[in-house]
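In the numbering used here, the protein residues as written are 2 to 86.
For each residue, glycine too, the CB sits at the ideal point set by N, CA and C.
Below is one structure, written out as structure tokens, with a few remarks after it.
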Ligand SMILES: [Zn+2]
Ligand SMILES: [Zn+2]
Ligand SMILES: [Zn+2]
């Protein structure tokens, strides 16, 4: 049973994921302050295809204008290197 289904994101809701991979690097996504005029989320990361979400790398609309190569979405930054060399 899937409890995390989001109609807007068509699957797991992307508002749970603070980081997005762009051109192979992780960036923190832009967050809605107050209620988002497009996707309707409040003080959280936007749903998929929101025209108010801007690319943290190039500054263009992430889902429409941006030409960065979008990879996966992540809960945490993955550069937690524990090796001491
Ligand atoms: Zn969503
Ligand atoms: Zn939004
Ligand atoms: Zn971009």
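State yes or no: is the C-beta of residue i within less than 7 angstroms of the C-beta of residue j?
i	j	result
residue 10	residue 45	no
residue 6	residue 73	no
residue 37	residue 62	no
residue 24	residue 70	yes
residue 40	residue 51	yes
Would residue i be called buried (16 or more neighbouring beta carbons within 10 Å of its own) or exposed?
i	result
residue 30	buried
residue 17	exposed
Starting from residue i, follow its DSSP beta bridges and name the residues at the other end.
i	result
residue 6	13
residue 71	23
Handout entry: Around ligand 1, Cβ to any heavy atom closer than 6 angstroms, ordered along the chain
Key = 7, 9, 10, 14, 15, 16, 48
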